[in-house]
Amino acid sequence: MPGISTTDREMCGPAGAGGSGGCGRMDEHEDGPAVVSGRPRQRNRLRWAMKEFLLPPLLIVGGGVVLAAVAVTIDRASASWLVALRDAVAVIVPPAASSTMLQTVTPGMLTAISIVFFVMLMAVQQQAGTYTTAVLDQFMQRRLNHIFFGLFIGLAVYYVAVLTVVAPGQAVVSAAIASVLTMVALVLLLVFIYNTFDQLRPSSSASVIVHNALRARRTQQALLARCRSTPQLTGTATTRAAVVHSGYIVDIDIDVLAAAVAKTTGPVEVEFRVALGAHIVTGDTVADVRGSHDADRGRLAAAVLDSVTIGRTRDTSRDAGYSVDQLAAMAWTASSSQQDPEGAAVAIGALHSLLASWGSYYEPAAGRFGGPLPVVYSDEVTHQVLDALTAVIVATGQSGQHQTCCQVLRIFAEMLPRLAPAYQQAAVEDIARVISTATAQVLTVRMERAIGQLRWALNETGYQHAAGRLEEAESELSRQVRELVSAEQ
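With the working numbering applied, the sequence shown corresponds to residues 1129 to 1617, in that order.
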């Protein structure tokens, strides 16, 4: 293209764990910032599957295989002490009865386990269909479910191994172990059924999501502590770090950036355009890198690409915003027409809990994590909670769930004096946008009290203009109610 001079160079940054060294292509343009394009680290799908679900069941199944091998070895051994052990067990479990038991119980247990698993998964799917897929995510992530699946499948593997290897009439120790495992499995089956139904309760799912959000927030402390919220190197030369693959950002390794910053020769700054949990596509800019030296910017842009890990799905263990989005979806779904308001109340209560934990701004000390870095990262998780609560008010405007709207208004009234100033301002702006929707609800006694509480909170925190607007709307509704009452009299 006329007027544009482009020079391509290969820039490489430090290699991160599992990364490719952050090599990227740098295009320098006379009429715009240079661009370093590269492939960020991609989350290993097998490793993720092991972490999310497969590892505990596979370990337990492996234990079942080892147990079967030990039991079969004892049944086939000719050593005198093993023969004595086998004879002692045979007194309690006769070989003829044990063989019959194995041949009868094995297909029955396999059938029972298959039916129970099918029914449980259908129940989870049904609940997920009415309350969002967060229910399914929680079912897959709970460690107790991993153990149950591993135990039942490991038991089935044990049965099949013993029946295949040991001849009829010789299964003594292996059959005795199978009898004990069968009784244990039947008891655990009852526990598993109760545990599954308990997980289908909205309160159970919401509680786990809140726990995941708080845990993920703790893992983000190093990133939040070492980064700043506003850029300082404005007006300097900029290089953009762009990706060549699509996916969700599941991790940002701040240590990789720290190592790259330490090798720069002049003032630099990295400003992330995306946050954890953001979905990026080919060509998207992950961050702007500023600095006076081309080489510093190129290496640092490559390090940015190497510090970012993308995956097909978001990660609740590191992405607190994902948990907030799950609760927001649950609250929105339950706040819509023809839904049980109790489900919405549970999800809204969980959002209230997160707002109480994060609303009073706390900035962890950078010194605890290696000192501050010239990295700008915008954290929007608390704003996500406020937006989720505001969205519920919007949903109630269509569904007519005035009791759900009351709950959200009371949460705003209670939390407004406790929020940090920046979050207070955001909350008031959100309230101003939905005042018309909230006051369009039927003016029940609960609604009138909730509006009064919110008006008081706005006055107490210095937002008299918003309180005045709310008072005008409340007065108009009260006037209409009085006129209706007078007309009836």
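Heads up, the beta-carbon is just placed ideally off N, CA and C, and yes, glycines get one too.
Please classify residue i: does DSSP put it in a helix, a strand, or coil?
i, result
"Y1376", "strand"
"R1538", "helix"
"A1403", "coil"
"D1203", "helix"
"R1113", "Residue 1113 lies beyond the stretch modelled for the chain, which goes from 1129 to 1617, so this question has no answer here."
"E1491", "coil"
"P1222", "coil"
"K1391", "coil"
"V1300", "coil"
"L1361", "coil"
"L1227", "This sequence places Ser at residue 1227; Leu is not what is there. Three-state DSSP puts S1227 in a helix."
"G1149", "Only weak support is given to the placement of G1149: the predicted model assigns it a pLDDT of 43, under 50, and the question is left unresolved by the model."
For residue i, tell me which candidate among the options has the shortest Cα-Cα distance.
i, options, result
"F1246", "T1324, A1212, S1206, I1275", "T1324"
"A1516", "Q1454, V1384, V1244, V1503", "Q1454"
"R1329", "V1293, R1356, A1262", "A1262"
"L1385", "A1578, I1275, E1399", "E1399"
"A1216", "Q1466, S1506, S1463, V1301", "V1301"
"W1631", "R1574, Q1552, G1191", "Coverage of the chain is limited to positions 1129 through 1617, which leaves residue 1631 absent and any answer about it impossible."
"L1547", "Q1529, A1484, C1534, E1491", "A1484"
"G1498", "L1238, I1539, N1273, R1354", "R1354"
"R1561", "Q1535, A1541, R1597", "R1597"
"Q1526", "Q1466, L1544, V1556, Y1505", "Q1466"
"D1424", "L1272, P1395, V1513", "P1395"
"L1071", "S1481, A1299, H1480, T1310", "The displayed coordinates of the chain run from 1129 to 1617. Any statement about residue 1071 would go beyond what the structure contains."
"Q1298", "M1543, L1187, V1200, Q1253", "V1200"
"I1382", "G1375, T1413, V1432", "V1432"
"L1317", "P1492, L1342, A1334, I1281", "I1281"
"S1506", "L1272, A1218, T1441, V1402", "V1402"
"P1222", "Y1376, A1303, T1358", "A1303"
"H1339", "A1207, I1305, L1479", "L1479"
"A1594", "V1189, A1541, R1577", "A1541"
Per DSSP, what are the beta-bridge partners of residue i in this structure?
i, result
"Q1592", "Answer is none; Q1592 lacks a bridge partner."
"V1398", "V1417, V1503"
"R1356", "V1504"
"R1169", "T1437"
"I1408", "G1375"
Residue i and residue j look like a contact to me (Cβ under 8 angstroms); what is the Cβ gap, rounded to whole Å?
i, j, result
"A1365", "R1427", "Between R1427 and A1365 the Cβ distance is about 14 angstroms, and since that is not below 8 angstroms, they are no contact."
"V1378", "D1422", "Between D1422 and V1378 the Cβ distance is about 31 angstroms, and since that is not below 8 angstroms, they are no contact."
"L1230", "Y1287", "7 angstroms"
"C1534", "R1574", "5 angstroms"
"A1370", "V1414", "7 angstroms"
For residue i, which residues from the same chain have a beta carbon less than 6 angstroms from its beta carbon, with the 5 sequence-adjacent residues on both sides left out?
i, result
"T1532", "S1463, P1469, A1472, T1524"
"P1500", "R1354, A1494"
"G1449", "G1405, V1509, Q1512"
Identify, in the order they occur along the chain, each residue of the same chain with its Cβ nearer than 7 angstroms to the Cβ of residue i, setting aside the five sequence neighbours on each side.
i, result
"A1256", "V1263, L1264"
"R1496", "A1353"
"G1160", "The predicted position of G1160 is uncertain, since its pLDDT is 48 and thus under 50; a value taken from the coordinates is nonetheless stated next. So no residue of the chain qualifies."
"L1605", "T1567, L1571"
"W1460", "A1519, V1520, A1523"
"I1563", "R1597, L1598, A1601"
"T1393", "H1421, D1424"
"P1185", "H1274, F1277, G1278, I1281"
"V1294", "V1200, D1203, S1302"
Less than 8 angstroms between C-beta atoms, sequence neighbours within five positions excluded: which residues of the same chain meet that for residue i?
i, result
"V1211", "A1205"
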